[in-house]
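A quick write-up on the structure given underneath.
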Amino acid sequence: MSGEDVHALAGVYAVGALDDAAELREFEAHLAHCEACAEEVRQLQTTAAVLGRATALPAPPTLRARVLPGIGEVPQDPATPPTATPLTVTPPTPVPPSGEPHPPARRRRGLARRPELRWPRVGTLVAAACLAVAVAVGVVAVQDQQRLDQLTAANQAISTVLSAPDARATTARATGGGTVTLVSAPSRDRVVVASSGLPALPGSKTYELWMMGPAGIRPAGLLRPNATGHIPLRVATVPGGANRVGLTVEPAGGSAQPTTTPIVVLPL
Amino acid sequence: MPLFRTPGPAQRDAGLDKLLGQVAQGDTAAFERLYDEVAGPVYGLAVRILRDSAQAEEIAQEVLIQVWRKAASFDPSRGGAMTWIMTLAHHRTVDRVRTEQASAAREDQAGRREIPAAADGVAELVLDRLDRQRVRDCLGSLTGAQRESITLAYYDGYTYREVAARIGLPLGTVKSRIRDGLIRLRDCLGVT
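Residue numbers (the numbering used here), protein chains in the order written: chain H, 456 to 723; chain A, 280 to 471.
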């Protein structure tokens, strides 16, 4: 392929329409040595993104409830992917951490590794095309499944509640700052409680959850920050008859019954 | 305060770049603000390509979680945060449409309309509406083959081989039409 032909792929690359792994590699190799091309790709990708942004629609509130409450629990990838694979050892094929395909072996050895790994890429296409086209659909389906499994494993409980057809999320501001989100589903006997921005408490105090109803108030667990100061999601079982979830500040270790006024009460 | 209300795209994007940098530090409050800026575009693009709001929501969820996970990989020298996020969203959504029966819906409607109007009764921000109009006008300034190639590739998720087969042009011609058309769009939209 002549230089001119490779160059002409800049547009196709920018709109994510390459479908051939060999061509993708060739184009990226070309990019690595062609500053003008890299700049052109940057501009054309920015142009494509403007086309994308013009399709904006109001996101449904359920999307917010599916993404935000548990996000602090999702581990973040480091900036640079680990590349120090010893050349003498053939590592077992790792499961791609995000459904992102591992690059072909040649590139794992650090040859011509452009920072494109840091960028969203053509995704599963590379991996799929490295195998026979005939199995491409299967590969992608497996990776979708892995992605799903990771998200599910990241929080099995929230998945259980959120996957209920009748799941709903309620968010309220807490007295003193922060918000508390309750995800509940009448068809499930568990709820997920997520908090954001609740003030840090001194060591002598703790946040405690309560299941409240006509039959009384039962303790439903403590909300305690982890090492990073973030309060993890809490899954609580809803006893029969409970119709509200409350949160109070209690002495460290918790109480059997609330000793202070709830800072937030959410309906079930 | 949505960044969309700030004066120009450059300033908006600078605000988003900063937010994404904070997200990379594990700042969940920054992520929430970023979410408010990008969830609509990410979801809208997925709806446009998949033509199915339930699947689009699923993909948008994946993309937004991916933004959180991969925030540290964002490199501003290679483009703005919005570009990074929309590129990610496009790749994910296209992966889905190329493998799913969603492609059936795509077959029906491919190429019919570049940009959907916002749903009735939806209050668009003024700047959103201006963006939309500007993009429509600029697409309108392309040649038919440029517009059709770019629309099928970007908004319908076809590979350029598929585009060539659909519109009956040689592969090399489609390559050039997409690139020439994007360059024209870039200039029309004032992308720098």
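Glycine is no exception: its CB is placed at the ideal position from the N, C-alpha and C atoms. What you are looking at is a predicted structure, and each value in this text was computed from that prediction instead of being measured.
Q. Would the region 484-500 of chain H and the region 302-311 of chain A be scored as touching if the rule is three or more Cβ pairs under 8 Å?
A. no
Q. In chain order, what residues of the same chain have a beta carbon less than 8 Å from the beta carbon of Ala432 (chain A), not counting five sequence neighbours either side?
A. Within the second sequence, the letter at position 153 stands for residue 432 (chain A). Around Ala432 (chain A): Thr438, Tyr439, Val442 and Ile457.
Q) The alpha helix (DSSP H) with Thr378 (chain A) in it runs from where to where? A) The residue given as residue 378 (chain A) occupies position 99 in the second sequence. Element bounds for Thr378 (chain A): Ala360 to Thr378.
(Q) I need the boundaries of the alpha helix (DSSP H) containing Val346 (chain A), first residue and last residue. (A) Position 67 of the second sequence holds residue 346 (chain A). From DSSP, the alpha helix (DSSP H) with Val346 (chain A) extends over Ser332 to Lys349.
Q.
For a test of the three-state rule: what should DSSP assign to Pro320 (chain A), helix, strand or coil?
A. Here the question's residue 320 (chain A) lines up with position 41 in the second sequence. Correct three-state label for Pro320 (chain A): helix.
Q. In chain H, which residues lie with their C-beta within 8 Å of the C-beta of Pro320 (chain A)?
A. Counted from its first residue, the second sequence places residue 320 (chain A) at position 41. Under the 8 Å cutoff, chain H gives Gly507, Arg508, Thr510 and Ala511.
(Q) Could you check whether the Cβ of Ser650 (chain H) sits closer than 8 Å to any Cβ belonging to chain A? (A) On the first sequence, residue 650 (chain H) is found 195 positions in, with the first residue counted as 1. No, Ser650 (chain H) does not count as interfacial toward chain A.
Q. Along chain H, in chain order, which residues have C-beta atoms closer than 8 Å to that of Thr422 (chain A)?
A. One-based indexing of the second sequence puts residue 422 (chain A) at position 143. In chain order: nothing, as chain H lies at least about 14 Å away.
Q) Distance, Cα to Cα, Ala487 (chain H) vs Val700 (chain H)? A) Here residue 487 (chain H) refers to the residue found at position 32 of the first sequence. Here residue 700 (chain H) refers to the residue found at position 245 of the first sequence. Whole-angstrom Cα-Cα distance: 56 Å.
Q | Interface residues of chain A facing Pro533 (chain H) [CB-CB closer than 7 Å] | A | Residue 533 (chain H) sits at position 78 when you count from the first residue of the first sequence. Going along chain A in sequence order, the residues near Pro533 (chain H) (Cβ under 7 Å) are Ala351.
Q) How would you call Glu336 (chain A), buried or exposed, if buried means at least 16 neighbouring beta carbons within 10 angstroms? A) In the second sequence, the residue the question calls residue 336 (chain A) occupies position 57. Counting Cβ neighbours within 10 Å, Glu336 (chain A) comes out buried, since at least 16 surround it.
Q) Whole-angstrom Cβ separation of Val646 (chain H) and Val693 (chain H), contact assumed at under 8 Å? A) As a first step, residue 646 (chain H) must be located in the first sequence, where it is residue number 191. As a first step, residue 693 (chain H) must be located in the first sequence, where it is residue number 238. The pair is a contact, with the Cβ atoms about 6 Å apart (cut-off 8 Å).
Q) Going along chain H, which residues have a C-beta under 7 Å from Arg411 (chain A)? A) Working through the second sequence from its first residue, we reach residue 411 (chain A) at position 132. Here the neighbours are Ala509.
Q.
Let me check one thing: in DSSP terms, what residues is Pro722 (chain H) bridge-paired to?
A. Position 267 of the first sequence, counted from the start, is the residue given in the question as residue 722 (chain H). The partner list for Pro722 (chain H) (beta bridge, DSSP) reads H:Arg699.
Q: Pair every Cβ in the region 318-333 of chain A with every Cβ in the region 471-486 of chain H, then say whether three or more of these pairs are closer than 8 Å.
A: no
**Q.** Delimiting residues of the alpha helix (DSSP H) encompassing Gly507 (chain H)
**A.** By 1-based counting over the first sequence, the position of residue 507 (chain H) is 52. Unbroken alpha helix (DSSP H) run through Gly507 (chain H): Glu490 to Arg508.
Q: Return the first residue and the last residue of the alpha helix (DSSP H) that Ile457 (chain A) is part of.
A: As a position in the second sequence, residue 457 (chain A) is number 178, starting the count at 1. Segment Leu450 to Leu468, the alpha helix (DSSP H) holding Ile457 (chain A).
Q) If you run the structure through DSSP and keep just helix, strand and coil, what is Arg312 (chain A)? A) For the purposes of this step, residue 312 (chain A) is taken as residue 33 along the second sequence, with counting starting at 1. Here Arg312 (chain A) sits in helix by DSSP.
Q.
Please state whether the Cβ-Cβ distance between Ala629 (chain H) and Leu688 (chain H) is less than 8 Å.
A. Reading the first sequence from its first residue, position 174 is the one you call residue 629 (chain H). Reading the first sequence from its first residue, position 233 is the one you call residue 688 (chain H). No. Outside cutoff.
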